[in-house]
Structures are given as structure tokens and as C-alpha cells.
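Below: one structure, written as C-alpha cells.
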Ligand code: SF4
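Printed below as a string of C-alpha cells:
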């Protein structure tokens with residue numbers, strides 16, 4: 022799989038107070054019970070802590086939409102796109118995009134003591150996660166929660182803040198994949214710097 026993908030990033034800054042209306046853990050963590058990863062990955066519910074602790078003391082959130090249009094995939098993806106298992110194809114494209122965005126965000130997080138990143142979905146560090154064997158997380162320093170895994174309404178954040186929409190593969194691949202990540206910060210960041218660090 023080719024390493025470079027034509028990802029387009031959209032970054033929006035909000036004060037933490039401005040996004041609390043999207044934090045609805047009772048409702049959205051409830052939906053997680055129907056997911057195949059419920060109680061299987063340490064970054065997915067149920068939890069033995071209150072997820073609001075993740076936001077504690079942060080003043081700003083930078084919501085990041087990273088978009089990949091299927092039409093922009095290069096010839097390195099031709100074989101994959103011709104595969105007849107749509108779930109497999111979607112998962113491979115999703116993982117390729119996550120690999121790039123996660124790596125950049127973790128690097129951004131490691132560059133400062135003031136930041137915490139929320140990645141665009143479940144932890145992908147190990148397969149399977151040690152939670153399946155009821156063992157502690159193998160790499161607690163690498164694991165990251167996502168907005169949805171701590172109880173945010175990501176679809177509404179997408180529509181209201183990013184002015185965009187998450188699409189899903191049904192009978193065919195969607196027009197694009199949209200990953201929604203976030204950076205929590207104690208202080209206001211320079212959005213341009215954040216953008217440059219995302220694409221370097
Ligand atoms: S780092 Fe590994 S063990 Fe820890 S949550 Fe992620 S997948 Fe599970």
C-alpha cells in the first residue's frame with residue numbers, strides 16, 4: 022500500500038465550553054454497546070472512569086477533519102479497489118488514512134506537554150487488543166481515545182463545526198472518507214502551525 026495519500030485537512034478551533042453541548046456520554050456511549058469492539062479494546066467503553074476527565078483542564082479544542090477522496094487514490098490502490106469484499110477495501114483505505122493522520126497527530130502531541138490528541142476511531146496499535154484477554158493495555162503511552170469513544174456526538178460536530186458529513190460504504194465505496202480527530206490544548210494554538218505539522 023502506498024504511503025502517501027492526498028488527504029485534505031480542515032481545522033476548526035473552539036473553546037472547550039463551546040463543545041460541551043456535543044458531549045452526551047449517556048446517549049452515545051450507549052450506542053457503543055451494539056458495536057463489535059465494545060469491551061474488546063481499551064479505548065472503547067465500558068470504562069472504570071468518567072470520560073469527562075479526559076477534557077479536564079483543557080481550554081481549547083482543535084477539531085480536525087481529514088478527507089480522502091476515492092478519486093484521488095493513485096494507481097497503487099488499483100488492485101485493492103478491484104477487490105470484491107467492500108468491507109475489506111473500506112477497512113484498508115481507512116487504516117491507510119488513519120496510519121498517516123495518527124502518526125502526525127501523535128508527533129504533534131509529543132512536541133508539547135500542553136496537548137492531548139483524540140484520534141479518529143478505535144486504537145489500532147495492536148491486533149488484537151489485550152483487552153480481549155482481560156489483560157492490561159500493552160502500550161498505555163500509545164493508546165488514544167477518540168471523540169466518539171468518550172461520548173461526543175461526532176456527526177453533529179462534523180456538520181456544525183466542520184460543515185461536512187461523514188459518509189459510509191454501503192453497496193459501493195463512498196465518495197470520500199472523512200476522519201475526525203481532535204487536539205486538546207491548555208492554550209490557544211497557531212492553526213497554521215498545526216496544519217503545517219499535519220502535512221509535513
Ligand atoms: S495499545 Fe494495544 S493494548 Fe492498548 S488499547 Fe491500543 S490496541 Fe489495546
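Residue numbers (this note's numbering): 22 to 221.
Where a beta carbon is used, it is the ideal one built from N, C-alpha and C, also for glycine.
- About 12 Å separates the beta carbon of residue 34 from that of residue 79, a gap too long to meet the 8 Å contact definition.
- Listed in chain order, the non-local C-beta contacts of residue 165 below 7 Å within the same chain comprise 64, 138, 139, 140 and 144, local neighbours out to five positions each way being set aside.
- Scanning the stretch 58 to 105 for uninterrupted alpha helix (DSSP H) segments of 4 residues or longer gives 99 to 102, listed from N- to C-terminal end.
- Around residue 108, the same chain offers 190 as residues with beta carbons nearer than 8 Å, after the five sequence neighbours per side are excluded.
- Rounded to the nearest angstrom, the gap between the Cα atoms of residue 127 and residue 114 is 20 Å.
- For residue 182 and residue 192, the gap between their C-alpha atoms comes out near 29 Å.
- Residue 117 is classed as buried because its beta carbon has at least 16 other beta carbons within 10 Å across all chains shown.
- The alpha-carbon of residue 207 is positioned some 21 Å away from that of residue 172.
- Taking the Cβ atoms as the reference, residue 85 lies roughly 6 Å from residue 203, within the contact range of under 8 Å.
- Looking from the CA of residue 136, the closest CA among 88, 77, 188 and 103 belongs to 77.
- In this structure, DSSP gives residue 133 a state outside helix and strand, which the three-state scheme calls coil.
- Pairwise C-beta distances place the stretch 42 to 54 out of contact with the stretch 88 to 105, as fewer than three of them are shorter than 8 Å.
- Listed in chain order, the non-local C-beta contacts of residue 212 below 8 Å within the same chain comprise 32, 34 and 83, local neighbours out to five positions each way being set aside.
- In the three-state reduction of the DSSP assignment, residue 167 falls in the strand class, which pools E and B.
- Non-local beta-carbon contacts of residue 75 in its own chain, meaning distances under 7 Å to residues more than five positions away in sequence, involve 166 and 171 in chain order.
- Residue 194 sits close to residue 111, with the two beta carbons spaced by under 8 Å.
- Residue pairing by DSSP puts residue 197 in a beta bridge opposite 90.
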